[in-house]
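See structure below.
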């Protein structure tokens, strides 16, 4: 296995784990039990759910620009 394939697999695993963590946090925000001191209420919870699901899907089935998309979502 080449180094590029190994990096791709690691990126996909990290994306799936990060998406699951994002989903859990957004569900906690929607239940008013968020772990972070700063929240954006229901809008932030819904946006977190959408982005978490999208990141998990990109980890399972990546597209050509997946690393760039994941970097942008990481900043958000």
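Residue numbers (our numbering): 21 to 96.
Even for Gly, the Cβ is constructed at its ideal location relative to N, Cα and C.
Coil, strand or helix - residue i by DSSP
{"i": "residue 98", "result": "This structure does not reach residue 98, given that the chain is present from 21 up to 96, and the question cannot be answered."}
{"i": "residue 29", "result": "helix"}
{"i": "residue 82", "result": "coil"}
{"i": "residue 46", "result": "helix"}
{"i": "residue 93", "result": "helix"}
Whole-number beta carbon distance between residue j and residue i, since they are thought to touch under 8 angstroms
{"i": "residue 46", "j": "residue 68", "result": "3 angstroms"}
{"i": "residue 86", "j": "residue 78", "result": "5 angstroms"}
{"i": "residue 49", "j": "residue 64", "result": "6 angstroms"}
Minimum C-alpha distance to residue i - residue among the options
{"i": "residue 71", "options": "36, 23, 31", "result": "36"}
{"i": "residue 76", "options": "22, 28, 32, 25", "result": "32"}
{"i": "residue 90", "options": "55, 66, 28", "result": "28"}
*asked:* Would the region 38–48 count as touching the region 81–89 if we require 3 or more Cβ pairs under 8 angstroms?
replied: No, the region 38–48 does not touch the region 81–89.
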